[in-house]
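Heads up: the structure comes next, in structure tokens.
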Amino acid sequence: MSTNRNAARMKPLAIAFSSLLLAGCASFSSDGGLDTVSAFTRERTGQAVQRDSSAEDTAASASAVKQFLTQPLTPDAAVRIALANNKGLQAAFAELGIAEANLVQAGRLRNPGFSFGRIRGGDNIDIDRSILFDFVGLLTLPLRTGIESRRFEQAKLQAAAQAVQLATDTRKAYFNAVGAQQALHYAGQVTTAAEASAELAQRMSRVGNWSRLDQAREQAFYADATTQLARARHNAVAAREQLTRLLGLWGSALDYAIPERLPELPERLTDANDIEAQAMRQRLDVQIARQGASATASALGLTRATGFINVLELGYANKSQTGEPRQNGYEIELALPVFDWGTARRARAEAIYMQSLQRTADTAIRARSEVREAYSAYRTRHDIARHYLDEVVPLRKRISDEVLLRYNGMLASVFELLTDSRAQVSSVNAAIEAQRDFWIAETNLQAAINGNGSGGGSTEIRGQAVAEAQPQH
Amino acid sequence: MVSRRNFLASAATMVGAGVVTRVGAASLPEAVIMETAATQAPLAPPNGRPYHPVVTLNGWSLPWRMNNSVKEFHLVAEPVVREFAPGMKANLWGYNGQSPGPTIEVVEGDQVRIFVTNKLPEEHSIHWHGQRLPNGMDGVTGLTQPGIPPGKTFVYEFTAKRPGTFMYHPHADEMVQMAMGLMGFWVTHPKNPDFMRVDRDFVFLLGNYDIQPGSYTPKVSTMLDFNLWTINTRVFPGVDSMNVRQGDRVRIRMGNLTMTNHPFHLHGHEFAVTGTDGGWIRPEARFPEVTMDIGVGQMRALEFIADEPGDWPFHCHKSHHTMNAMGHNIPTMIGVDQKGIAEKINRLVPDYMAMGERGGAMGSMEMPLPDNTLPMATGEGPFGNIEMGGMFTTVKVRKEQKPGDYSDPGWYKHPKGSVAYEWTGNVPAATRAPGASLSAAGVEYRARKPQGHQH
Ligand SMILES: [Cu+2]
């Protein structure tokens with residue numbers, strides 16, 4: 007053991023303590039970052055979020071949820087329930103806690119340690135005692151807290167993005183569930199018409215007025231209608247279960263009610279003005295990318311200034327998906343300027359910075375395009391739904407009225423009447439689908455402006471297959 | 110509105126208030142037009158050779174101008190609106206405001222000049238069906254003359270050689286123009302007015318139209334499945350009755366311009382077919398009939414003494430021809446129990462009403478129909494619904510009908526005890542051969558007792 011060595015260690019220690027003071031001592035915040043997340047989320051969905059970190063919290067949000075479930079769900083209520091009750095989201099908030107813990111940890115030095123060594127060579131025993139101290143940790147401490155605090159900010163953005171995504175998914179699932187329930191209702195009506203035809207055909211065949219062929223045809227249509235009804239029934243269940251999952255409901259809460267009809271189409275539509283600029287301000291993926299780029303910029307600045315400290319943000323996730331946190335990390339390298347004066351490192355850092363700039367631009371361009379596409383889908387879906395309500399359905403009704411008049415005058419048969427009523431029902435059903443698609447498009451537009459967008463999936467609008475039922479007789 | 114009950118207020122009205130004159134070019138005779146579908150009084154000849162005029166059912170005869178001993182008529186082919194019966198109008202093509210066009214009456218030996226003005230959107234020509242005339246006057250577009258272009262007037266000139274019953278119709282785009290209602294009657298009276306003299310001489314043409322429910326214009330491409338079978342482009346109850354005095358010798362002349370034959374049947378009397386478009390039938394060649402089939406493109410004249418008072422149907426015996434527009438693909442519902450099903454259908458179609466279970470009679474039902482569509486069987490009689498449409502009318506024979514009075518005398522008042530009545534005594538069970546069964550193999554005829562249904 008040599009006193010010289012120990013004395014030599016004392017000076018850097020003093021430097022380290024002073025830099026520790028400079029960096030400031032990181033500690034846990036009172037809200038764990040959730041206030042910011044809640045503000046982000048409220049700004050974009052109209053609803054706040056909270057973390058259930060205690061039994062009381064859980065009980066409070068459970069009773070709030072219960073209160074919402076006493077009435078048929080509205081889209082907003084569904085979003086509120088999901089934000090309060092979705093366990094996946096709560097798990098995401100836990101991620102936030104981890105990020106904060108990392109931040110606090112980064113502001114602290116590893117505890118000093120002792121080591122004791124005993125080496126025996128022949129008769130000679132050498133006992134080495136030393137005090138270990140995390141020298142590199144001490145030197146990089148201010149860098150680390152800077153990086154971790156940016157990472158904490160990122161984690162908040164990501165948690166908010168997840169909450170907004172959940173709100174979007176919930177609204178879509180809500181409209182799907184209500185639409186599917188309405189479709190089930192109309193499938194039931196089609197089946198009733200088919201059943202009446204089949205039964206009439208059977209009775210006609212029994213008294214000798216109808217051939218077996220004609221009777222079998224009516225029966226076959228009824229059989230088809232029955233399978234359609236079974237399909238519609240399952241689809242209604244599936245759509246409702248999808249909503250249930252997002253709402254995080256189970257047990258006795260499962261018999262929650264959804265309204266019988268989709269909301270009416272809005273009187274006024276969102277304007278196209280400014281939506282791109284809005285998306286640039288609001289979109290969370292754009293903000294995450296921008297923040298990532300600025301983090302890289304400060305790392306670059308550091309590398310440039312010293313030439314011996316290389317900070318690399320590693321890994322890049324283009325989008326954060328629900329349940330898949332961004333995977334990235336960082337590395338700080340201190341080099342001794344013996345052989346290398348750091349030019350290559352600087353170049354590398356610059357390239358990485360350029361890369362993050364390009365990625366930010368890419369995200370922004372994609373976001374702008376997505377919001378334009380979402381707007382087009384929104385307008386088109388609206389126009390189609392309106393067209394169904396104002397044109398197609400009334401026309402179908404008029405056709406049905408005329409067929410009834412023809413039936414009255416013995417100009418058309420009861421089977422034509424029933425075939426037509428099925429066609430009318432199908433057009434009402436198509437109108438409901440169009441209405442549902444509008445509300446989903448509206449949700450997608452909000453997501454394109456406020457959330458993370460559609461994720462690049464195309465929203466091609468395909469032709470609605472309305473079977474033009476032809477009279478068979 | 111015109112109906113059998115108020116037609117012909119005065120037989121003295123020759124060319125009544127409904128007739129509007131239109132002064133043509135100086136060299137042309139007036140093209141007189143008619144705007145009502147009511148039967149007009151016979152047109153007594155104001156000049157020229159005398160004759161006993163005919164009565165065109167729901168129609169009229171065309172006045173003429175004498176020009177240096179030539180009888181000049183003016184026909185204008187033009188779009189018209191014809192009322193088929195109260196409640197239904199059709200966009201047709203006709204002559205001088207009506208479809209069919211006016212009846213042309215001339216006397217054997219008359220020199221006739223007919224101006225034909227084409228106000229149709231396409232070429233036209235008139236063929237004088239059954240006449241002996243110079244080939245170039247036969248009116249066949251392309252074969253004997255060029256078509257009359259729209260807006261132009263052509264002149265036909267010939268001598269009415271043979272007395273008898275004729276008609277006129279287009280021979281240019283014939284299928285379309287006849288389907289649109291262009292046709293008219295022609296009578297050449299004998300030089301001797303007393304030759305085969307009758308007291309009442311009615312004329313009409315048979316037509317067929319396909320006017321889909323709710324529409325106004327005939328489908329001109331229909332070949333067989335017509336839905337309106339007409340007497341002078343009217344359907345019952347829009348066809349006037351033929352009102353006669355008891356003991357009158359009555360002649361009815363008919364021409365068939367439809368796509369099928371029509372067995373016309375008279376109730377209460379037997380008649381003799383006395384003429385065809387080929388001429389008069391010698392008395393020794395005539396035979397008694399109550400139904401006469403009149404083929405496509407043919408004309409027939411029949412005669413009878415109207416000695417039985419009453420309201421006697423005169424109609425085509427093809428029962429679909431005594432119906433108005435009807436569906437031809439309607440399944441038979443007779444004997445089909447619709448209970449339970451009707452309620453199910455009502456859930457989807459609230460105004461639905463089960464029909465046909467007890468047959469096709471819809472007399473008591475008053476249900477809304479498509480626009481411009483007549484009920485398929487209708488017409489109120491003194492005992493209720495007559496359940497007829499189309500080619501149906503009546504011959505009303507009355508003791509008190511004055512000679513020359515063609516007005517409708519109203520419903521026949523039956524002498525006491527001369528109407529079928531209800532039996533109120535006992536009804537003995539019908540005797541049946543032992544072992545006889547009403548049911549054919551596999552078919553249950555006891556329709557009111559259906560078996561339970563399996564679903
Ligand atoms: Cu007939």
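Quick mapping for you: the protein sequence lines, in order, are chains A and B.
So in this note's numbering, the last spot in the first sequence is 479, and the numbers never skip.
So in this note's numbering, the last spot in the second sequence is 564, and the numbers never skip.
Every residue gets a Cβ at the ideal spot worked out from N, C-alpha and C, and that includes glycine.
For residue i, the nearest candidate out of the options (CA to CA)
i	options	result
L565(B)	V285(B), A269(B), D303(B) and T367(B)	Coverage of chain B is limited to positions 110 through 564, which leaves residue 565(B) absent and any answer about it impossible.
T349(A)	G457(A), T309(A) and S33(A)	T309(A)
P422(B)	P440(B), I142(B), G377(B) and G406(B)	G377(B)
Q288(A)	V243(A), I455(A) and A107(A)	I455(A)
S36(A)	E106(A), A236(A), D63(A) and P78(A)	E106(A)
K93(A)	R251(A), E282(A), I264(A) and V377(A)	R251(A)
R50(A)	S69(A), K72(A), V85(A) and Q77(A)	V85(A)
R114(A)	F141(A), D129(A) and L95(A)	F141(A)
G449(B)	L89(A), A204(A), E397(A) and L144(A)	A204(A)
A161(A)	Q208(A), I104(A) and A353(A)	I104(A)
N317(B)	N365(B), G248(B), T297(B) and T262(B)	N365(B)
Interface residues of chain B facing residue i [CB-CB closer than 8 angstroms]
i	result
Q168(A)	Under the 8 angstroms cutoff, chain B gives no residues; its nearest Cβ is about 47 angstroms from Q168(A).
Coarse secondary structure for residue i, derived from DSSP in three states
i	result
H430(B)	helix
V565(B)	Residue 565(B) lies beyond the residue range present for chain B, which begins at 110 and ends at 564; the question has no answer from this structure.
S203(A)	helix
E192(B)	strand
Q171(A)	helix
S433(A)	helix
G210(B)	coil
N167(B)	coil
H240(A)	helix
N200(B)	strand
V405(B)	coil
D349(B)	coil
Q254(B)	strand
A193(A)	helix
T366(A)	helix
E379(A)	helix
L424(A)	helix
Contacts of residue i in chain B (Cβ-Cβ under 9 angstroms)
i	result
S198(A)	Note on residue identity: the sequence assigns Thr, not Ser, to residue 198(A). The answer, in chain order, is K453, I454, R456 and L457.
Q195(A)	R456 and L457
L275(A)	Per Cβ cutoff of 9 angstroms: no residues; L275(A) is ~34 angstroms from chain B at best.
L395(A)	Per Cβ cutoff of 9 angstroms: no residues; L395(A) is ~20 angstroms from chain B at best.
Chain A contact residues for residue i, given Cβ-Cβ distances below 8 angstroms
i	result
A434(B)	G415 and L417
L337(B)	Those within 8 angstroms of L337(B) in chain A number zero; the least Cβ separation is about 12 angstroms.
Residue j beta carbon less than 9 angstroms from that of residue i
i	j	result
L149(A)	I338(A)	yes
L337(B)	F193(B)	yes
E393(B)	R360(B)	no
M408(B)	T385(B)	yes
L102(A)	V43(A)	yes
G293(B)	I390(B)	no
L268(A)	R442(A)	yes
D357(B)	V506(B)	yes
W173(B)	G157(B)	yes
A183(A)	I264(A)	yes
N205(B)	A140(B)	yes
Interface partners of residue i on chain A, CB under 9 angstroms
i	result
T482(B)	L411, R412, G415 and L417
V445(B)	L206, R209, M210, R212, V213, N215 and W216
Y515(B)	Going along chain A, no residue has its Cβ under 9 angstroms from Y515(B), so there is no contact; the nearest lies around 33 angstroms.
Integer Cβ distance of residue i from residue j, believed to fall under 8 angstroms
i	j	result
F267(B)	H238(B)	Going by Cβ atoms, the distance from F267(B) to H238(B) rounds to 13 angstroms, so no, they are not a contact pair.
E398(B)	E379(B)	6 angstroms
Proximity test, residue i beta-carbon vs ligand 3 heavy atom, cut-off 8 angstroms
i	result
H437(B)	By its list of ligands, the structure shown excludes ligand 3, since it contains just ligand 1.
Closer than 7 angstroms at the beta carbon, the chain B residues around residue i
i	result
A202(A)	I450, K453 and I454
S427(A)	L457 and V458
E408(A)	G323 and P479
Interface residues of chain A facing residue i [CB-CB closer than 7 angstroms]
i	result
M476(B)	N414
M485(B)	G415 and M416
T540(B)	Chain A residues near T540(B): none, gap ~27 angstroms exceeds 7 angstroms.
T441(B)	N215
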